[in-house]
Every structure is written in C-alpha cells, then in structure tokens.
Amino acid sequence: MKSLIVQLRWQFLLLNRNNIITISIAVTIVYALAFFALQDLDNLDKVLTLLILNDPAIIGMFFIGLSVIMERNQQVLSALFVTPVNHHLYLMSRIFSLTLVGWICALGMALAAVGPTFNFLHFSAGTIGVCVLSCLAGLYLVCYTSEFMHFTLRSIPLLMVFINLPLLNYFEVTDIWAFNLMPSYGSLKLIASAYGNSPDTTLLLYSYAAQIFWIALLYWWVYRTFMSKIVNA
Amino acid sequence: MKQLIKVSASDFKLIFRDPSLRVFLFLPALIYLLVNLFLPWLVDRYEGVVEYVPYVLIVATIENTQMFGFIYSMVLIDEKESEVSKVYGVLPVSKPAFALSRLLIPCLLTILLTWLLLIIQPFYTLPLMPALLFSVLAGLIVPVYALGISIFSKNKMEGMVWIKVFNIAVVIPVIAFFLPQPLNLLFTVFPTHWAFQGLSHLIEESTYAWQMLIGFAYFIILLMLSVRRFTKVHYS
Numbered sequence: 001m002k003s004l005i006v007q008l009r010w011q012f013l014l015l016n017r018n019n020i021i022t023i024s025i026a027v028t029i030v031y032a033l034a035f036f037a038l039q040d041l042d043n044l045d046k047v048l049t050l051l052i053l054n055d056p057a058i059i060g061m062f063f064i065g066l067s068v069i070m071e072r073n074q075q076v077l078s079a080l081f082v083t084p085v086n087h088h089l090y091l092m093s094r095i096f097s098l099t100l101v102g103w104i105c106a107l108g109m110a111l112a113a114v115g116p117t118f119n120f121l122h123f124s125a126g127t128i129g130v131c132v133l134s135c136l137a138g139l140y141l142v143c144y145t146s147e148f149m150h151f152t153l154r155s156i157p158l159l160m161v162f163i164n165l166p167l168l169n170y171f172e173v174t175d176i177w178a179f180n181l182m183p184s185y186g187s188l189k190l191i192a193s194a195y196g197n198s199p200d201t202t203l204l205l206y207s208y209a210a211q212i213f214w215i216a217l218l219y220w221w222v223y224r225t226f227m228s229k230i231v232n233a
Numbered sequence: 234m235k236q237l238i239k240v241s242a243s244d245f246k247l248i249f250r251d252p253s254l255r256v257f258l259f260l261p262a263l264i265y266l267l268v269n270l271f272l273p274w275l276v277d278r279y280e281g282v283v284e285y286v287p288y289v290l291i292v293a294t295i296e297n298t299q300m301f302g303f304i305y306s307m308v309l310i311d312e313k314e315s316e317v318s319k320v321y322g323v324l325p326v327s328k329p330a331f332a333l334s335r336l337l338i339p340c341l342l343t344i345l346l347t348w349l350l351l352i353i354q355p356f357y358t359l360p361l362m363p364a365l366l367f368s369v370l371a372g373l374i375v376p377v378y379a380l381g382i383s384i385f386s387k388n389k390m391e392g393m394v395w396i397k398v399f400n401i402a403v404v405i406p407v408i409a410f411f412l413p414q415p416l417n418l419l420f421t422v423f424p425t426h427w428a429f430q431g432l433s434h435l436i437e438e439s440t441y442a443w444q445m446l447i448g449f450a451y452f453i454i455l456l457m458l459s460v461r462r463f464t465k466v467h468y469s
C-alpha cells in the first residue's frame, strides 16, 4: 500500500509537471460554462455523455501512452524495472492517477450540465469504468509502438471503435446488437442511467457486470502484453 | 525573399520524410468524404439533420485547417526538443520572416483545401470569391495554431495537452449559434467566432463583411503577437 502511495505521488507530480492537471481543470471549466449556457437545449444529457466518453476518457488513453513512450525514450523504464518496484503497482498508479483526473473533470461537466440531481454512484462507476478502460487501451497500444506520432495515429481508429461504436446505438443512428458487446458499453449505460429517473435494474446489473468483466479481462491481457513487449523485451 | 521561399519549400518536404506525419495528409480526404457522402446520406435518412448542416459545414472547414496546425506544431516541438531550433537561431535570416515563411506553404494549401471543400459541398452554391475570402481567414488559423502550441509546450506531451486546449478554443464558438442574444456575445472573445459568423452569413446570403473584417484583424494581431513571442522563445 505504501509503495502504491509513493508511486501515485510521483504520478501526480509528473502529471502536474506536464500541465495535464491544470489544463484538464481549465478545459472542464470551459465545458462547464458552455453547458451552463446551453441549459435549455434538448438532449443536453446526451451531449454530456458524448463529451465524457470523448474527453475525460481520452485523457487516460492518450496520456498514459505518451507518458510510457517518454519514459521509454528517456531510458526511465529500463532503470525502473531493475528496481524492486512491483509491475502491477507501476501500471495501477498510472491508471489510477489519470482515472482520478478524468473522473473529476467528468463530475464538473455533469454538475454544470444537469445539476446535482443525477445518480452519483452510477455516474461515478460509469466514468471511472470508461477512464480505466481507456487507460488500458492506451497501455495496450503503447506495447506495439515506441514512436509518439505512431501512437497518436493508431489511437484514432482504436478510439473510434472502442468508444464510439456503442455511441451510435445510443444516439439511435444504428441498432446493431454487436455494438452492445463493446467494452465501453457498460460504462456508457451507467453514465446514461445516472440522469434517468428510474433506470432499468436488469440493465444496470448487466452494465456493472459487463464493466467489471471487461476491466478484469483487459487488465490481465494488457499486463501480459506489457510484460512481454516492454519489461522483458 | 528568394532564399526564404527556398527554405519554406525544403522545410515543407520534412513532413514527407516522416511517414507518420504523411498519413495525417489523408485527413482532408476523410473530411471531404464526411461532408460530401456521409452528411447527405444522414440528411436523406433523418429529416432533423438538415437544420444542422450549416454548423457541420462550418466545423468541417475549420477542422480542415487544424491538420497542418497539428503537423507543424509537432515539427516545431520536435526541433525544440532536439535543440535543432538553436541551430536555426544562428542562421543569417530575419527570424520573424523565417518563422512565417516556414508556415507559408501549409497555410496556402489549407486555403486551397478549404476553398475546394466550400465549392464542392452539395448543400449550397457559394460565390467563389467570398468563399475564397473565408478560406484565407481560415488559413490564418494554421500559423497562429502551430506557433501558439510551440510557444507553450516544452515537449510533445505538453504539446498534446495544449492541442486539446487549442482544439476546444477553435471549435467552441459554434455554441454561439444555439444561444440567444446577448449570451452568444460571450463567444466573441474567440477569434474563430468571427470566421464562423462570417461563413454562416455567407451561407444565408446576408451581409458578412463586418464579421470577416473583424476576423482578419483579430487573426493578424494574434499572428503578429505569436511570431514575436515565438522568435524569442524558440531560437534561444
């Protein structure tokens, strides 16, 4: 536990040094002001869901990948992995720090858009879930690229498939059941349910279960890939 | 002048040497496909989409300008990280002219791409010269965007963070279209607000001169300020 706290402290220091925390908060304030101004617009909750899945979540995917690339290029990882630092702690501290930033930003946006009346538990579970999943996607991607621009480029189609396909069903553009099997579907439904008055209990249970299943599966997969492609490479 | 044009052309070739940057050149093609194929399909299928077409078109033209902005901000940050910028700093050329000349070709290409997009989109018949005027205004985003991100960023990680901020600042004035007066006036602080309003008036066939004029003045001031700051921080 103590090691995790030490790692987390370093992570927040790094995020702060790269201005990620300050700018994320500033961007959230801009979004919040925009939402506040757009209060009377129909379907504002849908716009909010779209933005949460495409902004705080992206913070995780992009910056976890970019930070690993930077550390690898500066030979920090080679030095770090010969120390007795637990590799799970290394991954978890990165995921946790970026998830916390994403969750706070999403919370700020939700408060501005729909007020304090939403279901805090479902909303938090959904945003934390999508942030963790995005971080895992970023970590997986970074195992196969050591170059900054390659990572940025490859993350675009990954984001479109990973995040945006379930959104097509959500916006009723499509009605394809396979999109509901995507990893981010559970998070999307939890976030959307948080604004509803009486969310469907079965759907909620399915969303929680799907989210836990995908996070566990992807973490196991990403950890194995990370060990073989980066730590033991 | 001849020397600067030569430098500008050879500098532009830099992005063709890096395959990862080259791929970004396909982004305008993607925007063209979205506007010319996907959007008409959406309009045919969903009646309600038609009222949002002007806003989608406005955002599409502006997104078009961000491609070179992104590429060049990455190029400038890369040379800052690798300290190549210090070598440029001792060249016997005027630094502001050098900085501007390097962004001339991407700026001209952006103008051309934006103009073509406005002309071939299937929704409105826009007059050629006013469409070109708007394209020039949109093209001015490229140098301001690239220089601005480079000024604020020490490394690519910070660059990506600032790109996020700049992208929002560029696109967010579209919200003004959905707000009543005087609330929409809050967005006049964003330079692209004037370009958006100008193009919107052009689409509606109403007077657009004032919006365009303010937009040009705003971007030229921003360009002068960013070139001045850039030459101070980039080459030393």
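Sequence lines, in order, name chains P and B. Under our numbering, the first residue of the first sequence is numbered 1, with each subsequent residue one higher. Under our numbering, the first residue of the second sequence is numbered 234, with each subsequent residue one higher. Using N, Cα and C, we set each Cβ at its ideal position, and we do this for glycine too. Predicted model, so just to flag it, every value in this text is computed and none were measured.
Member of the options whose CA lies at the smallest distance from the CA of residue i
{"i": "B/Ala402", "options": "P/Ala26, P/Arg9, P/Leu158, P/Leu15", "result": "P/Ala26"}
{"i": "B/Asn297", "options": "B/Val398, B/Phe367, B/Ala450", "result": "B/Phe367"}
{"i": "P/Met1", "options": "P/Asn86, P/Ala32, P/Leu139", "result": "P/Asn86"}
{"i": "P/Leu181", "options": "P/Ala192, P/Gly196, P/Phe12, P/Tyr206", "result": "P/Tyr206"}
{"i": "P/Ala209", "options": "P/Gly129, P/Asp40, P/Met109", "result": "P/Gly129"}
{"i": "B/Pro339", "options": "B/Leu359, B/Tyr321, B/Val377, B/Pro360", "result": "B/Val377"}
{"i": "P/Arg72", "options": "P/Ile156, P/Ser146, P/Arg17", "result": "P/Ser146"}
{"i": "B/Ile304", "options": "B/Phe245, B/Leu263, B/Ile352, B/Ala332", "result": "B/Phe245"}
{"i": "P/Cys105", "options": "P/Ser3, P/Arg224, P/Leu33", "result": "P/Leu33"}
{"i": "B/Leu345", "options": "B/Leu373, B/Val326, B/Trp274, B/Lys319", "result": "B/Leu373"}
{"i": "P/Ala216", "options": "P/Trp177, P/Thr202, P/Leu133", "result": "P/Leu133"}
{"i": "P/Leu136", "options": "P/Gly102, P/Ala110, P/Leu91, P/Leu121", "result": "P/Leu91"}
{"i": "B/Trp443", "options": "B/Asn388, B/Pro363, B/Lys397", "result": "B/Pro363"}
{"i": "P/Phe162", "options": "P/Cys131, P/Val173, P/Gln7", "result": "P/Cys131"}
{"i": "B/Ile471", "options": "P/Leu38, P/Leu8, P/Phe62, P/Val114", "result": "Because chain B here runs from 234 to 469, residue 471 of chain B falls outside it and cannot be looked at."}
{"i": "P/Leu13", "options": "P/Ser93, P/Trp221, P/Ala113", "result": "P/Ser93"}
Residue-chain proximity (residue i, chain B), Cβ-Cβ < 9 Å
{"i": "P/Val114", "result": "no"}
{"i": "P/Phe62", "result": "yes"}
{"i": "P/Val142", "result": "no"}
{"i": "P/Asn43", "result": "no"}
{"i": "P/Val27", "result": "yes"}
{"i": "P/Val30", "result": "yes"}
{"i": "P/Ser67", "result": "yes"}
{"i": "P/Thr174", "result": "no"}
{"i": "P/Leu168", "result": "no"}
{"i": "P/Leu153", "result": "yes"}
Residue-chain proximity (residue i, chain P), Cβ-Cβ < 9 Å
{"i": "B/Lys246", "result": "no"}
{"i": "B/Lys313", "result": "no"}
{"i": "B/Met300", "result": "no"}
{"i": "B/Asn388", "result": "yes"}
{"i": "B/Leu270", "result": "no"}
{"i": "B/Leu359", "result": "no"}
{"i": "B/Ile405", "result": "yes"}
{"i": "B/Met445", "result": "no"}
Cβ-Cβ distance between residue i and residue j below 9 Å
{"i": "P/Asn230", "j": "P/Cys143", "result": "Per the sequence shown, residue 230 of chain P should be read as Ile rather than Asn. Yes."}
{"i": "B/Ile384", "j": "B/Arg462", "result": "yes"}
{"i": "P/Phe179", "j": "P/Pro199", "result": "no"}
{"i": "B/Gly322", "j": "B/Lys313", "result": "no"}
{"i": "B/Met300", "j": "P/Phe148", "result": "no"}
{"i": "P/Leu107", "j": "P/Phe123", "result": "yes"}
{"i": "B/His467", "j": "B/Ala332", "result": "yes"}
{"i": "B/Gly392", "j": "B/Ser459", "result": "no"}
{"i": "B/Ile264", "j": "B/Leu350", "result": "yes"}
{"i": "B/Val276", "j": "B/Val283", "result": "yes"}
{"i": "B/Phe356", "j": "B/Leu272", "result": "yes"}
{"i": "B/Val398", "j": "B/Ile295", "result": "no"}
{"i": "P/Ala110", "j": "P/Ala37", "result": "no"}
Extent of the continuous alpha helix (DSSP H) run through residue i
{"i": "B/Tyr441", "result": "Careful: B/Tyr441 lies outside any alpha helix (DSSP H) and carries neither H nor E."}
{"i": "B/Lys397", "result": "389-404"}
{"i": "B/Asp277", "result": "272-278"}
{"i": "P/Met92", "result": "87-114"}
{"i": "P/Ala233", "result": "That residue, P/Ala233, is in no alpha helix (DSSP H); it is neither H nor E in DSSP."}
{"i": "P/Phe226", "result": "201-226"}
{"i": "B/Trp348", "result": "337-353"}
{"i": "P/Asp45", "result": "44-54"}
{"i": "P/Tyr31", "result": "20-37"}
{"i": "P/Asp175", "result": "From DSSP, P/Asp175 is part of no alpha helix (DSSP H); its letter is neither H nor E."}
{"i": "P/Pro183", "result": "Careful: P/Pro183 lies outside any alpha helix (DSSP H) and carries neither H nor E."}
{"i": "P/Phe123", "result": "120-142"}
{"i": "P/Lys2", "result": "2-17"}
{"i": "B/Ala379", "result": "374-385"}
{"i": "B/Tyr288", "result": "286-314"}
Contact belief for residue i with residue j at Cβ below 8 Å, rounded distance in angstroms
{"i": "B/Leu341", "j": "B/Phe452", "result": "That belief does not hold up - the Cβ atoms of B/Leu341 and B/Phe452 are roughly 15 Å apart, past 8 Å."}
{"i": "P/Thr127", "j": "P/Ile191", "result": "6 Å"}
{"i": "P/Ile64", "j": "P/Gly138", "result": "4 Å"}
{"i": "P/Thr49", "j": "P/Leu168", "result": "The pair is not a contact, with the Cβ atoms about 13 Å apart (cut-off 8 Å)."}
{"i": "P/Leu66", "j": "B/Met390", "result": "5 Å"}
Interface flag, residue i vs chain A, CB-CB below 9 Å
{"i": "B/Phe452", "result": "Of the protein chains in this structure, namely P and B, none is chain A."}
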